[in-house]
Structures are given as structure tokens and as C-alpha cells.
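These notes are about the structure you will find just below.
2 protein chains.
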Amino acid sequence: MILSLETFSPDRIIDISVTLRQGLACWPGEEYWQLESTQQIAKGGSCNLSRATMSLHMGTHVDAPWHFGEGDRTVEAIPLSQLVIGARVLDLTHVEAAIGRSDLEGKLDGIQAVLLKTSDSGRLEALEPFNRDFVHLDESAAEYLVEQNISTVGIDYLSVEGYHVENAPVHHRLLGAEVLIVEGLDLSGVEARDYLLVVLPLKIEGADGAPARAILIDSDR
Amino acid sequence: MILSLETFSPDRIIDISVTLRQGLACWPGEEYWQLESTQQIAKGGSCNLSRATMSLHMGTHVDAPWHFGEGDRTVEAIPLSQLVIGARVLDLTHVEAAIGRSDLEGKLDGIQAVLLKTSDSGRLEALEPFNRDFVHLDESAAEYLVEQNISTVGIDYLSVEGYHVENAPVHHRLLGAEVLIVEGLDLSGVEARDYLLVVLPLKIEGADGAPARAILIDSDR
Chain G
1 MILSLETFSP DRIIDISVTL RQGLACWPGE EYWQLESTQQ IAKGGSCNLS
51 RATMSLHMGT HVDAPWHFGE GDRTVEAIPL SQLVIGARVL DLTHVEAAIG
101 RSDLEGKLDG IQAVLLKTSD SGRLEALEPF NRDFVHLDES AAEYLVEQNI
151 STVGIDYLSV EGYHVENAPV HHRLLGAEVL IVEGLDLSGV EARDYLLVVL
201 PLKIEGADGA PARAILIDSD R
Chain E
1001 MILSLETFSP DRIIDISVTL RQGLACWPGE EYWQLESTQQ IAKGGSCNLS
1051 RATMSLHMGT HVDAPWHFGE GDRTVEAIPL SQLVIGARVL DLTHVEAAIG
1101 RSDLEGKLDG IQAVLLKTSD SGRLEALEPF NRDFVHLDES AAEYLVEQNI
1151 STVGIDYLSV EGYHVENAPV HHRLLGAEVL IVEGLDLSGV EARDYLLVVL
1201 PLKIEGADGA PARAILIDSD R
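Here it is in C-alpha cells:
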């Protein structure tokens, strides 16, 4: 992939973030979204101003190792090299329930990051209610990602791990190896190939994760 | 600038975002920062979880046109072409009080975005108390940016406009022309030259602005 600033076209950029708004599915028990107006021109204010309250794991977001107590790295300390990185989008929309090692084998050559497009892509942006049967990674897949020295893994629903899996082995294996986890992507309109991924979480001191905006820059358009 | 994914080095990326944390200077009256733990491993939880409350104009952030009622474009609708863009960092650390047209004339050739490095760079990250005498743009400078078809302008303190300037002419002129305003950058360690700017605000539906993470990709290292 060659990006030239002189010939750089906005057509090459794809937004893979979900929109933060009322009605967006959240992890059960983590529904804190509020957007409150603090000043309004319509009511005589000099400008429109708001404040937001949110779970750090709402919508498109990243998990820091400290989220599951794997070391003390919190979100502001995630290296930029895991946030701006060559990434392969894999089409796994045929997979039901769990993505296993065999779904990934032989598909990660020459790449540092992988984004998993599943049959749940688009559900968040369509404001569907929380789906507890979302497609996720099993332990063998997490193990394979670590073996393959993958730096960053992304998925299109709210967790890389199945709903309420005991002891969270997938999170522990990935975060224990300092693999960056990106959750809540919208990959519904994205073709399966290689891109430059830029995922920029808010730089919140001491946090277990952070909401993020994520884009892909496409070399092939 | 040529970026090759094959030869892409993380050394070329510079984080120009300030860290969101207790003690970070906020616009007077807009001090809403709270980071609250909702689950802790140390207290028997299965993971560490938090929620945050913040002003949308805290730390590194963008202003949408609707912030000052200039049309109805809110932050989720800002085009990606204003967020991923060739940008020139100008060293204006010698300017006292206000940046005028003459400080910018002849310095914007061949570029779509400009980041203004002032003597206030680094104050936010150093947790200095709010400084109401920060360096800002005057009306002639705002007019010149619009004349020059600048798409995105960034500055290193909390506003492009002076403290409590009546009727906010700089905001109205820039936002009225759909110039994207980025405020609260940390340009203290950045050399004055051209970069690829990537500034990614949270995609919050209907919002007047949003906190963002911003990076520069440097072609010259």
C-alpha cells in the first residue's frame, strides 16, 4: 500500500465506527449513555453546549490490558503502533456461534492486525436490541492470534468473547499477550482485504478502555 | 509525502492529544470531568469497568458548525475529508495576545489545514490552571483562513477565539464557512512543517462537538 499525500483522496477512507446515540445496544448493566444540553442558542445562550456520560466500553471502543487485570497498562499507554497498523478484514459472516482456530489458519500471513467481519456486523448501527448470541472467538482462536503475533484484533459486536463465558479466557489470553482488542466496529459495508487501520481511543488517564473512532484507509480505490 | 504500508514506521506518528484526567483545565463553567469505577477486580468483580462524564469541549476536541448555530451540521456529519488531511504546523510561539492576518499571510500555500503552535502549547498537558489570556485568532485571521479555503484549523489552547469576545465573530466566520475547528491540541513537541493530520472525534449523534484523539503522521523521519 502506498499513500501519497499529494494524491490522497477522501474516497479512500471508510468510517467503521458506530454512532453513539440513544438506543445503541450496550452490554447489559452498562447502559450509561446520556447526552445533556448545558447551553442552547434557542434558549438565549451564546452557543450550543453539551456534556456526555458513557460507559468506556460503549459502541466502538478498545480494551486495555488492565480491563481484565493483565498487568497495569491502561488505555492512555497503548502504543500508537497498535492504533495505526496494517489490518486485514476477514469475511467470517458464514460462521455461526464461535470463530475457531480453523477459521483463521493460513489467513493471517504478512499482516499485524485482523478485523473479523461477522454476521453481527451492522446490528449496532441499526439499533437492534442487545443480541446475547453474537459471534465471538473461542479459546483456540485467541491462542492462534497470539501464536501469529497479531498486535490488534477487532470485531463487530460488543465483545470478542461469548456472553458470560466463565473466567473470560479469550480476554485474558489476548490482553495477557498485550494484543489490543477493538470491539463494536461496523464492518457491514467493508470488503474483505487489506487496509491501513487507524483506531483512535480517547486518551483517558488510568482507564480500562475508551470509546474510539476507527477508520480504514483503502489502497485499492 | 509518501506513506508506504510496507515501510510504515510507528516512529513517524506523533500524538498531539492531551490526556483527559482530573485537573485538566476546562472552559470556566464546563468542568464536568468524572471517571467513575463501576466494577473492580480488586473488589471481586470479573473485570475493571468505568464510566466517564465530560464536556464535549474538554481537552482535544472539535467544534461542529451547530456549536454556534451556523447551519445544522452536527459532529457526526463532519466529512472525513476534514479529519484526515494534509496539515501545516506553523510556529507562532512569538505571537502575543492575538494572531492576525499578517501572521498567516503567505504561509498557507499548497495546504488544506493549518495547526497553530502558540506559546500556550503544553499548558494543558502540564495541568496548569485555566489561562484566560491565551493566544487566539482575531477576526482578520479568521477571514484570511476562509479566503484561503482552509478546511481545518487547529490550535493548542481551549478556543480559537479570545476569552469572552462579544458575539464570537471568529467562531461564526469559521463555522459559517464550514471550516472545522480543532481545539486543545498539544503541539509542544512538534516541529513546524507539513504532516498528515488524523483527528478522530467521537461520532456522537446530534452533538455540537466531540472529544477527539489527534495524531500527525510525519513523512520526514
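In the order they appear, the protein sequences are chains G and E. According to this note's numbering, the first sequence is numbered sequentially starting from 1. According to this note's numbering, the second sequence is numbered sequentially starting from 1001. Where is the CB? At the ideal position from N, CA and C, for every residue including glycine. Bear in mind the structure is a predicted one, so any value in this text is a computation, not a measurement.
Note the first and the last residue of the continuous beta strand (DSSP E) segment covering residue i.
| i | result |
| --- | --- |
| residue 1195 of chain E | 1194–1201 |
| residue 114 of chain G | 113–117 |
| residue 1171 of chain E | Note, residue 1171 of chain E: premise wrong, no beta strand (DSSP E); alpha helix (DSSP H) at 1169–1176. |
| residue 91 of chain G | 84–91 |
| residue 101 of chain G | No beta strand (DSSP E) contains residue 101 of chain G, which is instead part of the alpha helix (DSSP H) from 101–104. |
| residue 1210 of chain E | 1209–1217 |
| residue 39 of chain G | 34–39 |
| residue 15 of chain G | 13–15 |
| residue 153 of chain G | 152–155 |
Starting from residue i, find everything on chain G with Cβ-Cβ shorter than 9 Å and list it in chain order.
| i | result |
| --- | --- |
| residue 1013 of chain E | 80, 81, 83, 84 |
| residue 1043 of chain E | By Cβ distance, chain G contributes nothing, its closest Cβ being about 12 Å from residue 1043 of chain E, past 9 Å. |
| residue 1215 of chain E | 80, 83, 84, 198, 200 |
Which residue comes first and which comes last in the alpha helix (DSSP H) that contains residue i?
| i | result |
| --- | --- |
| residue 124 of chain G | Careful: residue 124 of chain G lies outside any alpha helix (DSSP H) and carries neither H nor E. |
| residue 142 of chain G | 139–147 |
By Cβ distance, which residues of its chain are closer than 6 Å to residue i, with the 5 residues on each side in sequence left out?
| i | result |
| --- | --- |
| residue 221 of chain G | The pLDDT assigned to residue 221 of chain G is 48, lower than 50, so where the model puts this residue is not dependable; a value taken from the coordinates is nonetheless given after this. Excluding residues within five positions, the ones whose Cβ falls inside 6 Å are 11, 12. |
| residue 1169 of chain E | 1139 |
| residue 199 of chain G | 83, 182, 212, 214 |
| residue 949 of chain E | It is not possible to answer for residue 949 of chain E, since the shown part of chain E is limited to 1001 through 1221. |
| residue 1171 of chain E | 1068, 1161 |
| residue 1203 of chain E | 1076 |
| residue 20 of chain G | 59 |
| residue 1207 of chain E | 1056, 1074, 1075 |
| residue 1154 of chain E | 1115, 1182, 1185 |
Excluding the 5 residues flanking residue i on each side, which residues of the same chain have their C-beta closer than 8 Å to its C-beta?
| i | result |
| --- | --- |
| residue 41 of chain G | 47, 48 |
| residue 1078 of chain E | 1062, 1064, 1180, 1201 |
| residue 32 of chain G | 26, 53, 54, 55, 58 |
| residue 1038 of chain E | 1049, 1050, 1051 |
| residue 1073 of chain E | 1064, 1065, 1066, 1178 |
| residue 1209 of chain E | 1056, 1057, 1061, 1062, 1063, 1064, 1067, 1075, 1201 |
| residue 942 of chain E | The question about residue 942 of chain E has no answer here: the residues shown for chain E are numbered 1001 through 1221. |
| residue 86 of chain G | 1, 111, 112, 113, 194, 195, 196, 197 |
| residue 1045 of chain E | 1039 |
| residue 99 of chain G | 92, 116, 118, 135, 136, 137, 138, 141 |
| residue 1096 of chain E | 1119, 1135 |
| residue 1133 of chain E | 1097, 1163 |
Can you name the residues that DSSP bridges to residue i?
| i | result |
| --- | --- |
| residue 1020 of chain E | G:204 |
| residue 73 of chain G | Beta-bridge pairing links residue 73 of chain G to no other residue. |
| residue 54 of chain G | E:1052 |
| residue 98 of chain G | G:136 |
| residue 1061 of chain E | E:1183, E:1211 |
Excluding sequence positions up to five away, which residues of its chain have a Cβ less than 7 Å from the Cβ of residue i?
| i | result |
| --- | --- |
| residue 243 of chain G | Absent from the structure is residue 243 of chain G, since the part of chain G shown begins at 1 and ends at 221. |
| residue 127 of chain G | 23, 24 |
| residue 1218 of chain E | 1012, 1014, 1195 |
| residue 1035 of chain E | 1050, 1052 |
| residue 107 of chain G | 90 |
Just to make sure I have the definition right: I need the residues of chain E whose C-beta is within less than 7 Å of the C-beta of residue i. Which are they?
| i | result |
| --- | --- |
| residue 51 of chain G | 1032, 1053, 1054, 1055, 1056 |
| residue 46 of chain G | 1168 |
| residue 211 of chain G | 1202 |
| residue 205 of chain G | 1019, 1020, 1021 |
| residue 69 of chain G | 1041, 1048 |
| residue 72 of chain G | Those do not exist, as residue 72 of chain G stays about 11 Å from chain E at its closest Cβ, beyond 7 Å. |
In chain E, which residues lie less than 8 Å from residue i when you measure between Cβ atoms?
| i | result |
| --- | --- |
| residue 10 of chain G | 1079, 1080, 1081, 1084 |
For a contact meaning CB atoms closer than 7 Å, what does residue i contact in chain G?
| i | result |
| --- | --- |
| residue 1076 of chain E | 19 |
| residue 1197 of chain E | Those do not exist, as residue 1197 of chain E stays about 10 Å from chain G at its closest Cβ, beyond 7 Å. |
| residue 1035 of chain E | 204, 207 |
Interface residues of chain G around residue i at Cβ under 8 Å?
| i | result |
| --- | --- |
| residue 1091 of chain E | What residue 1091 of chain E touches in chain G: nothing, since even the nearest Cβ is about 21 Å away. |
| residue 1208 of chain E | 47, 48, 49, 50 |
*Please name the residues in the segment 170–191 of chain G whose beta-carbon is closer than 7 Å to at least one beta-carbon of chain E, in chain order.*
none
*Taking Cβ-Cβ distances below 9 Å as the criterion, which residues of the segment 118–149 of chain G are in contact with chain E?*
none
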